[in-house]
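As structure tokens, the structure follows; a few thoughts come after it.
In the working numbering, the protein residues as written are 462 to 685.
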């Protein structure tokens with residue numbers, strides 16, 4: 462018999478067709494996307510049933526207080542292999558300096574101090590909405606990679622690259638700037654567009670991500 466269950470008290474499910482009922486042993490599903498703002502996605506540990514349950518909220522503005530809403534989200538360093546389409550951070554690390562590319566600047570990304578401070582622990586960066594807003598979307602286009610910035614902004618999508626000169630150029634055409642992405646032996650990423658490399662200018666009056674002639678240390682972190 463195929464049963465259609467309706468949720469009762471988050472745990473007990475009663476069939477909407479007959480009197481059959483079933484209790485599930487729920488656990489929070491580990492997801493990289495698809496969270497609903499007011500619910501947790503659940504799966505039964507004893508069968509294939511799935512359901513949702515409300516977040517515990519603070520009652521004032523609905524913020525989740527249960528600590529599970531974003532527990533599954535983390536940025537992990539990618540150091541080898543083929544880069545998959547996904548959401549990423551570009552990060553510069555030197556001693557205690559850890560800076561991520563401020564991609565929310567959109568068409569204004571080619572500016573000094575286009576960075577935000579991050580904390581790296583055991584090769585991971587904890588998720589936050591601010592970091593996601595400043596992430597880039599790297600898309601594998603088979604023969605090249607596009608890099609989209611301002612992913613939470615409105616209006617046209619903005620893609621970055623370079624041709625000549627030390628700068629970051631932007632375009633609303635995805636194919637204008639065709640990047641290649643590989644990894645060095647030390648795990649740092651090499652992002653090249655034309656003859657320029659996405660690097661970090663460490664001059665005190667610059668401190669910026671920019672396409673340049675040299676391959677300065679840049680790390681790649683993927684939202685998992």
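A virtual CB, placed ideally from N, CA and C, is assigned to each residue, including glycine.
Same chain, Cβ closer than 6 Å to residue i, five either side skipped, listed in chain order
i           : result
residue 541 : 644
residue 639 : 605
Where residue i falls, given that 16 or more other Cβ within 10 Å makes a residue buried
i           : result
residue 656 : exposed
residue 592 : buried
residue 519 : In this prediction, residue 519 scores a pLDDT of 46, lower than 50, which makes its location untrustworthy; the coordinate-derived value is nonetheless stated afterwards. Label assigned to residue 519: exposed.
residue 660 : buried
residue 583 : exposed
residue 623 : buried
residue 665 : exposed
Residue i, enclosing beta strand (DSSP E) - first and last residue
i           : result
residue 640 : 640-644
residue 547 : 547-555
residue 587 : 585-587
residue 559 : 558-562
Where the alpha helix (DSSP H) containing residue i begins and where it ends
i           : result
residue 591 : 590-594
Chain-order list of residues whose beta-carbon lies under 7 Å from that of residue i (same chain, five-residue window excluded)
i           : result
residue 575 : 562, 563, 566, 669, 670
Anticipated Cβ contact below 8 Å, residue i with residue j, distance rounded
i           : j           : result
residue 599 : residue 544 : 6 Å
residue 631 : residue 619 : 5 Å
residue 627 : residue 672 : 7 Å
residue 596 : residue 612 : 6 Å
Any non-hydrogen atom of the ligand PLP closer than 8 Å to residue i Cβ
i           : result
residue 680 : Only the bare structure without any ligand can be found here, which leaves the ligand PLP out of the picture.
Chain-order list of residues whose beta-carbon lies under 8 Å from that of residue i (same chain, five-residue window excluded)
i           : result
residue 493 : Low local confidence applies: a pLDDT of 36 at residue 493 is under 50, so the model's placement there is unreliable, with the coordinate-based value given in what follows. Around residue 493: 533, 534, 684, 685.
residue 559 : 552, 553, 578, 579, 580, 581
field: Stretch-stretch touch, CB-based, cutoff 8 Å, three pairs: the region 542-559 with the region 666-683
entry: yes
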